[in-house]
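Chemist: Each protein sequence line maps, in turn, to chains B and V.
Just remember that our numbering sits 205 ahead of the position in the first sequence, which is counted from 1.
Just remember that our numbering sits 9 ahead of the position in the second sequence, which is counted from 1.
The structure that follows is given in the form of structure tokens.
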Amino acid sequence: MYEIVEKKILSNNVKLLKIKAPLVANKAQAGQFIILRINEKGERIPLTIADSDKKIGTVSIIFLEVGKTTKQLGQLKVGDTLENFAGPLGQPSEIKKYGTVVCVGGGVGIAPLYPIVRALKQAGNHVISILGAKTKDLLLLEKEIQQFSDEFYIATDDGTKGHKGFVSDVLQQIIDTKKQVHLVMAIGPIIMMKVVSDLTRKYHIKTLVSLNPIMVDGTGMCGGCRVIIDGTTKFACVDGPEFDGHKVDYGNLMLRNRRFVHEEGDACRLAGVQ
Amino acid sequence: MSVRKTKHEMPEQPPQERIKNFKEVPYGYSKEIAIEEAKRCLQCKNKPCMKGCPVEIDIPGFVACVAQGDFEKAAEIIKAKNNLPAISGRVCPYEEQCEGECTLKKMGEPLGIGRLERFIADYERDHGKKMVKKLHPSGKKIAVVGSGPAGLTCAGDLAKMGHHVVLFEALHDPGGVLMYGIPEFRLPKAIVKSEVEYIKNLGVDIQYDVVVGKTITVDELMSEYDAVFIGTGAGLPSWLNIPGESLDGVYSANEFLTRVNMMKAYKFPDYDTPVKIGKIVATFGAGNVAMDCARTALRLGAEKSYILYRRTEAEMPARIEEIHHAKQEGVIFKLLTNPLRFIGDDKGILKQVEFLHMELGEPDESGRRRPVPIPGSEETMAIDTALIAIGQSPNPLIPHTVKGLKVGKHGNIITDDEGRTSIPGLFAGGDIASGAATVILAMGAGKRAARAIDAYLKEKK
């Protein structure tokens, strides 16, 4: 059993839980994820690690309430426990000195971006962060990310904060004015990662994206999370979750992530969490 | 006195009834039938049946007790060698092992050893008190990685020898393939849990959610424990590697069975994990896992459940009993067919499979006649779900993260017969070493490794 030691409501349907899980905290690195199960009848869901603290043995997760499990998770309180919490899973981000790095986060994808931004900054990179959301209220971790960024930009679809438009518009401006960008790290909705990758491909800028397909075990056993990378099947749980953004088959990922849309809707309706 | 030539039948749920539920198919012997069956045993002096048993059970010994109605003594004899008899009594390929060597086979059917083992294990669970004999503590600590048949057996045997054993499991339930792979109707999960209880009563401490190689490394275990056993199984699914394999509707057997068995998707939405199969399901492959998939599909409501296999029934790797049960339940076998591609609609949902008809040619290196395509015999079939059950390879998580560990070309950990790896103090057994095999062979490997670990610890002193 894993205790919830802290809870924060980041926006009306995005929440942060800090979980006591010393073994996971001890090994967690930027870019990795965990699999949790709320109770005995629960499903196993993967969530990227938003932060961890070895000393006190906690791991933070930030999630958007989209389905039955994340909605139930959002209703839990400090002192409640989770039945299972396994990790850290997947390959960590490759943190080294690249030079100039642009970190692009969209929506709830900003959460897993945070430890990567921090690690890249600490590795001596010039970090430019671009955060995007539909509207100002949906932006996450602005202060946290800004403190580890040399340059910091915001884009909102409705123009309530920062640039009115998409993160890719800001990225285009940066590419237009900068001499050289050595790496782009993009985490967010699949369509955002696709648009960013399409843009950087033109300029031959190495781009990494973090994929979040449907998983069951998270240890390389079921293959439910398979993604197509450069025409080859890879398992996001053990080979990823980060992949070369220029090689991902985004269309296939979008289709596979819709596999259980109907069932998810039924589960939510029956559980009365809509 | 003449000996009955055939085994006593085990009563079972009628096929039309059982395809509507997930309850176990056979009911098992009654006391009376068990005694009658045990009386068929000839008590051969040379005990040929024992040569066929990977876990060395004194078969004539326990059968003699059953014949006398002394079921508790029979259980004691079995448990002296086999920690998990209710499991092996259900999933062992006896026909190729103990029963394959039985003298009675010369005059008809062999003794129903598997059925008797199952009867005794169930009798003990329902009536007997758990007999737990422990030696006094050796003071040695051993880490066992993976709680499948190899790990459970190894952990149980080491605990019986007086060692302190910690068993690490990556998932949330114990049992490995016994829990995620083999369906409820063939191996009820309550039985797996009860066998695991016995292992825990021996003093084994099971820790869940620990993914060794990630949460803790093997190197850390090696420095913290006196010895380490790896039994992480063959979890990596093989694919057909044909176009369309990532369409919505194509599952690996592992994903399908894990959803249904371990996550209980057949009870969705009471349980949260879904599975959807549509009306027509095609399973590719013809081993036990393929039979499990095809039979599970029927129970989930498939109107048609096909097995597509590129050879003929004679070459099918599944146990005869599993093929028999599948046929009884209405699984349709499309033999000598080889899939070419999966075809989806514009939403990426599986709609059809295209396959080629085959014929048998010359024998290949395995001795089986090689299937050869018949030119121009392409055909398409409408399907809603494809289940890929063509095998698994060793789980790569550990072989790839331990420096200095010798690994074979199929990703298996190389060991000697007793489970010793290239690193002193590190042992391995079951599918992670042998490649995908059977539950009982993994149990045998766990047993031999436990003895080798005990010898290693005594030597080290």
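Each residue gets a CB set at the ideal place from its N, CA and C atoms; glycine is no exception.
A quick note: this is a predicted structure, and the numbers were derived from the prediction, not measured.
Skipping 5 residues on each side, what residues in its chain have a beta carbon closer than 6 Å to that of Pro63 (chain V)?
Modeler: As a working note, residue 63 (chain V) is residue 54 in the second sequence. Ile449, Leu450 and Gly453, listed in sequence order.
Chemist: Taking beta-carbon pairs under 7 Å, can you tell me which members of the segment 284 to 309 of chain V lie near chain B?
Modeler: Going along the segment 284 to 309 of chain V in chain order, one finds Lys285 with a Cβ nearer than 7 Å to chain B.
Chemist: Taking only beta-carbon atoms, is Pro251 (chain B) less than 9 Å away from chain V?
Modeler: As a working mapping, residue 251 (chain B) is identified with position 46 in the first sequence. No, its Cβ sits nowhere closer than 9 Å to a Cβ of chain V.
Chemist: Run through the segment 395 to 437 of chain B for me and flag every whole beta strand (DSSP E) of 3 or more residues, listed as ranges in chain order.
Modeler: Qualifying beta strand (DSSP E) stretches, in chain order: 412 to 415 and 431 to 434.
Chemist: Short of 6 Å in beta carbon distance, which residues of its chain neighbour Lys366 (chain B), apart from the five on each side in sequence? Order them along the chain.
Modeler: Taking the first residue of the first sequence as position 1, residue 366 (chain B) is located at position 161. Result list for Lys366 (chain B): Lys341 and Ile359, in chain order.
Chemist: Among residues of its own chain, excluding the 5 on either side of Gly171 (chain V), which ones have a beta-carbon nearer than 7 Å to its beta-carbon?
Modeler: The residue given as residue 171 (chain V) occupies position 162 in the second sequence. Same-chain partners within the cutoff: Lys143, Leu144, His145, Pro146 and Ser147.
Chemist: Quick one: which chain V residues come within Cβ less than 8 Å of Lys273 (chain B)?
Modeler: Here residue 273 (chain B) corresponds to residue number 68 of the first sequence, with the count starting at 1. Asp281, listed in chain order.
Chemist: For the beta strand (DSSP E) containing Ala255 (chain B), list its first residue and its last residue.
Modeler: Your numbering for residue 255 (chain B) matches position 50 in the first sequence. Start and end: Ile250 to Asp258.
Chemist: Quick check: is the beta carbon of Pro405 (chain V) nearer than 9 Å to any beta carbon in chain B?
Modeler: As a position in the second sequence, residue 405 (chain V) is number 396, starting the count at 1. At least one chain B Cβ lies under 9 Å of Pro405 (chain V).
Chemist: Out of V:Glu324, V:Asp235, V:Arg195 and V:Tyr217, which has the shortest C-alpha to C-alpha gap to Glu331 (chain V)?
Modeler: Your numbering for residue 331 (chain V) matches position 322 in the second sequence. When only C-alpha atoms are compared, the closest one is V:Arg195.
Chemist: Around the C-beta of Tyr36 (chain V), are 16 or more other C-beta atoms found within 10 angstroms, so that it is buried, or is it exposed?
Modeler: As a first step, residue 36 (chain V) is located in the second sequence; it is residue number 27 there, counting from the start. That one is exposed.
Chemist: Taking Lys399 (chain B) as the reference, which of B:Met426, B:Phe448 and B:Val443 has the closest Cα?
Modeler: For this step, residue 399 (chain B) is matched to residue 194 along the first sequence. Cα-wise, what sits closest to Lys399 (chain B) is B:Phe448.
Chemist: Looking at the C-beta of Met390 (chain V), does it have a partner C-beta in chain B at a distance below 9 Å?
Modeler: Stepping through the second sequence from its first residue, residue 390 (chain V) is reached at position 381. Met390 (chain V) does not count as touching chain B.
Chemist: Would you mind working out which of V:Ile191, V:Gly434 and V:Ala442 sits nearest Ala152 (chain V), comparing C-alpha positions?
Modeler: Along the second sequence, read from residue 1 onward, the residue named residue 152 (chain V) stands at position 143. Checked all of V:Ile191, V:Gly434 and V:Ala442; the closest Cα to Ala152 (chain V) is V:Gly434.
Chemist: Could you pull the start and end residues of the beta strand (DSSP E) that Arg127 (chain V) belongs to?
Modeler: Translated into the one-based positions of the second sequence, residue 127 (chain V) becomes position 118. Unbroken run through Arg127 (chain V) is the alpha helix (DSSP H), Ile122 to Asp135; no beta strand (DSSP E).
Chemist: So is Ile315 (chain B) buried or exposed if we call it buried at 16+ other beta carbons inside 10 Å?
Modeler: Position 110 of the first sequence holds residue 315 (chain B). Classification of Ile315 (chain B): buried, given that the 10 Å Cβ count is 16 or more.
Chemist: Which whole-angstrom value describes the C-beta separation of Gly312 (chain B) and Thr274 (chain B), a residue pair presumed to lie in contact below a C-beta threshold of 8 Å?
Modeler: Taking the first sequence and counting its residues from 1, one reaches residue 312 (chain B) at position 107. Taking the first sequence and counting its residues from 1, one reaches residue 274 (chain B) at position 69. That belief does not hold up - the Cβ atoms of Gly312 (chain B) and Thr274 (chain B) are roughly 18 Å apart, past 8 Å.
Chemist: Let me know the secondary structure DSSP gives Ser147 (chain V) once reduced to three states.
Modeler: Taking the first residue of the second sequence as 1, we reach residue 147 (chain V) at position 138. The answer is coil: DSSP assigns Ser147 (chain V) none of H, G, I, E or B.
Chemist: Taking 9 Å as the CB-CB cut-off, is Ala437 (chain V) touching chain B?
Modeler: Indexing the second sequence from 1 puts residue 437 (chain V) at position 428. No, Ala437 (chain V) does not count as interfacial toward chain B.
Chemist: What are the start and end residues of each continuous alpha helix (DSSP H) run of 4 or more residues lying completely inside the segment 293 to 371 of chain B, in chain order?
Modeler: Qualifying alpha helix (DSSP H) stretches, in chain order: 315 to 327 and 347 to 351.
Chemist: Hey, Met367 (chain V) and Ile341 (chain V) are a contact pair by Cβ (cut 8 Å); roughly how many whole angstroms apart?
Modeler: Within the second sequence, the letter at position 358 stands for residue 367 (chain V). Within the second sequence, the letter at position 332 stands for residue 341 (chain V). Wrong, their Cβ atoms sit about 17 Å apart, outside the cutoff.
Chemist: By the criterion of Cβ-Cβ separation under 9 Å, what are the contact partners of Asp422 (chain B) in chain V?
Modeler: Along the first sequence, read from residue 1 onward, the residue named residue 422 (chain B) stands at position 217. Under the 9 Å cutoff, chain V gives Ala179, Leu180, Tyr189, Gly244, Asn263, Glu264, Thr267 and Met271.
Chemist: Hey, is Phe290 (chain B)'s beta-carbon within less than 9 Å of any beta-carbon in chain V?
Modeler: As a working mapping, residue 290 (chain B) is identified with position 85 in the first sequence. It does; some Cβ of chain V falls within 9 Å.
Chemist: Report the residue from B:Asn330, B:Asn289, B:Val309 and B:Glu356 whose alpha carbon sits nearest the alpha carbon of Ile300 (chain B).
Modeler: Position 95 of the first sequence, counted from the start, is the residue given in the question as residue 300 (chain B). Of B:Asn330, B:Asn289, B:Val309 and B:Glu356, the residue nearest in Cα terms is B:Asn330.
Chemist: Measuring alpha carbon to alpha carbon, tell me which of V:Asn297, V:Leu345, V:Phe436 and V:Thr112 ends up nearest Pro192 (chain V).
Modeler: Within the second sequence, residue 192 (chain V) is the residue found at index 183, counting from 1. The shortest C-alpha separation from Pro192 (chain V) is found at V:Asn297.
Chemist: Please state if the CB of Leu413 (chain B) and the CB of Met484 (chain B) are separated by a distance shorter than 9 Å.
Modeler: Look at the range of chain B in this structure, 206 to 479, and you will see that residue 484 (chain B) is not part of it.
Chemist: Mind checking which residues open and close the beta strand (DSSP E) that includes Pro380 (chain V)?
Modeler: Indexing the second sequence from 1 puts residue 380 (chain V) at position 371. Looking at the DSSP string, the run of the beta strand (DSSP E) that includes Pro380 (chain V) is Arg378 to Pro382.
Chemist: Give the residues of chain D in contact with Thr438 (chain B), contact being defined as C-beta atoms less than 9 Å apart.
Modeler: As a matter of chain content, chain D is missing from the structure shown, whose protein chains are B and V.
Chemist: Taking all protein chains shown into account, do 16 or more other C-beta atoms lie within 10 angstroms of the C-beta of Arg49 (chain V), making it buried, or fewer, making it exposed?
Modeler: Counting from one through the second sequence, the residue named residue 49 (chain V) turns up at place 40. Its Cβ being crowded by 16 or more others within 10 Å, Arg49 (chain V) is buried.
Chemist: By a C-beta neighbour count over all protein chains shown, 10 Å radius and 16 as the cutoff for buried, is His181 (chain V) buried or exposed?
Modeler: Within the second sequence, residue 181 (chain V) is the residue found at index 172, counting from 1. Classification of His181 (chain V): buried, given that the 10 Å Cβ count is 16 or more.
Chemist: Are the CB atoms of Asn347 (chain V) and Leu365 (chain V) nearer to each other than 9 Å?
Modeler: Sequence index remark: in the second sequence, residue 347 (chain V) carries index 338 (1-based). Sequence index remark: in the second sequence, residue 365 (chain V) carries index 356 (1-based). Yes, the pair counts as a contact, with Cβ atoms nearer than the cut-off.
Chemist: Does the Cβ of Asp214 (chain V) have 16 or more other Cβ atoms within 10 Å, making it buried, or fewer, making it exposed?
Modeler: Here residue 214 (chain V) corresponds to residue number 205 of the second sequence, with the count starting at 1. Looking at its Cβ environment, which holds fewer than 16 other Cβ atoms inside 10 Å, Asp214 (chain V) is exposed.
Chemist: Any Cβ of chain B within less than 9 Å of the Cβ of Ile215 (chain V)?
Modeler: Your numbering for residue 215 (chain V) matches position 206 in the second sequence. No, its Cβ sits nowhere closer than 9 Å to a Cβ of chain B.
Chemist: Confirm, please, whether the CB-CB distance from Ile392 (chain B) to Thr253 (chain B) is below 9 Å.
Modeler: In the first sequence, the residue the question calls residue 253 (chain B) occupies position 48. In the first sequence, the residue the question calls residue 392 (chain B) occupies position 187. Yes, these two residues count as a Cβ contact at 9 Å.
Chemist: For Gly445 (chain B), which residues in chain V fall below 9 Å Cβ to Cβ?
Modeler: Taking the first residue of the first sequence as 1, we reach residue 445 (chain B) at position 240. Within chain V, no residue comes near Gly445 (chain B); the closest Cβ sits about 14 Å away, beyond 9 Å.
Chemist: Which residues mark the beginning and the end of the alpha helix (DSSP H) in which Ile289 (chain V) is found?
Modeler: By 1-based counting over the second sequence, the position of residue 289 (chain V) is 280. Counting along the chain, Ile289 (chain V) falls outside any alpha helix (DSSP H), though it belongs to the beta strand (DSSP E) covering Ile289 to Phe293.
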